[in-house]
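Peer 1: As given, the protein sequences belong to chains A and B, one line each in that order. Read in our numbering, the first sequence has 7 at position 18, and its numbers run on one by one without any break. In our numbering, each residue carries its 1-based index in the second sequence increased by 500. For each residue, glycine too, the CB sits at the ideal point set by N, CA and C.
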Amino acid sequence: SQELEQSPQSLIVQEGKNLTINCTSSKTLYGLYWYKQKYGEGLIFLMMLQKGGEEKSHEKITAKLDEKKQQSSLHITASQPSHAGIYLCGADMGSGGSNYKLTFGKGTLLTVNP
Amino acid sequence: NAGVTQTPKFRVLKTGQSMTLLCAQDMNHEYMYWYRQDPGMGLRLIHYSVGEGTTAKGEVPDGYNVSRLKKQNFLLGLESAAPSQTSVYFCASSSRVRAGGPTDTQYFGPGTRLTVL
């Protein structure tokens, strides 16, 4: 079974609408990383969350990590066509400081219609 | 800074041919990684390195070899390419893990799109 579940798999929204993407694990997340990928390009780092209840924002994108550190959400406010792409979450599921590998979700494909 | 670069960007191979993918980073990162990305499978770790001269197997290492002779370079080799190795390959790097902290952010290259016929 997939250790890191992303939902939804794909999302189509009208420009200006808000949206949320979720990333869920059955294990404690010691670090949670959000990336964005445009078709045919590499992954661009967005934000990293570490502490339970932590929330970070960059422009119109806000990421949160729940108190139990098993679920993260990525929220986009007033979406624009430039937000379109694949959003991936990656997680450090090790015991903190001893694991340098990330486990990735399968990604969420976001389409924003003008 | 160029960050993480990969060469080539595209390649088409015939079954049985060999090739090497080159990854270079200019951020003085200790750790480097090779992933493959396939539709519906997400990103899967092939091999990784925690320092110059070291390599380790990831989730899907079969059919691939790697070398890290210089800190800034990480090479991925396919000795005898198979159609199942058709994929997009990404290299990433990160700095040393902080004591007691999570792994540091991984920075990715632009990818190599490989087709094996």
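Three Cβ pairs or more, each shorter than 8 Å: is that satisfied between the stretch 582 to 590 of chain B and the stretch 549 to 556 of chain B?
Peer 2: Contact fails: fewer than three Cβ-Cβ distances are below 8 Å.
Peer 1: Whose Cβ in chain A lies nearer than 7 Å to the Cβ of S587/B?
Peer 2: Locating residue 587/B in the second sequence gives position 87, counting from the first residue. Correct list: empty, because the minimum Cβ distance to chain A is about 14 Å.
Peer 1: Taking the Cβ atom as the reference point for each residue, do V512/B and G609/B lie within a distance shorter than 8 Å?
Peer 2: Here the question's residue 512/B lines up with position 12 in the second sequence. Here the question's residue 609/B lines up with position 109 in the second sequence. For V512/B and G609/B, no; Cβs fall outside 8 Å.
Peer 1: Looking at the structure shown, is G85/A part of a helix, part of a strand, or coil, going by DSSP?
Peer 2: As a first step, residue 85/A is located in the first sequence; it is residue number 96 there, counting from the start. Any reading at G85/A must be qualified, since the residue scores a pLDDT of 49, below 50, and its modelled position is unreliable; no value is offered.
Peer 1: Please report whether the beta-carbon of G609/B lies at a distance below 8 Å from any beta-carbon of chain A.
Peer 2: As a first step, residue 609/B is located in the second sequence; it is residue number 109 there, counting from the start. Answer yes: the Cβ-Cβ gap between G609/B and chain A drops below 8 Å somewhere.
Peer 1: Can you pull the chain B residues whose beta carbon is under 7 Å from the beta carbon of L91/A, in chain order?
Peer 2: The residue given as residue 91/A occupies position 102 in the first sequence. Per Cβ cutoff of 7 Å: T603 and Q606.
Peer 1: Checking 8 Å against the spacing of the C-beta atoms, do L578/B and V566/B come in under that value?
Peer 2: Counting from 1 along the second sequence, the entry for residue 578/B is found at position 78. Counting from 1 along the second sequence, the entry for residue 566/B is found at position 66. Against a cut-off of 8 Å, the Cβ pair of V566/B and L578/B comes out as no contact.
Peer 1: Mind checking the stretch 541 to 553 of chain B against chain A and listing, in chain order, the residues whose C-beta falls within less than 9 Å of any C-beta there?
Peer 2: M541, G542, L543, R544, L545, Y548 and V550
Peer 1: Measure the beta-carbon distance from E530/B to L545/B and round it to whole angstroms, keeping in mind my assumption that it falls under 8 Å.
Peer 2: Taking the first residue of the second sequence as 1, we reach residue 530/B at position 30. Taking the first residue of the second sequence as 1, we reach residue 545/B at position 45. For E530/B against L545/B, the beta-carbon gap comes to about 16 Å, at or over 8 Å, which does not count as contact.
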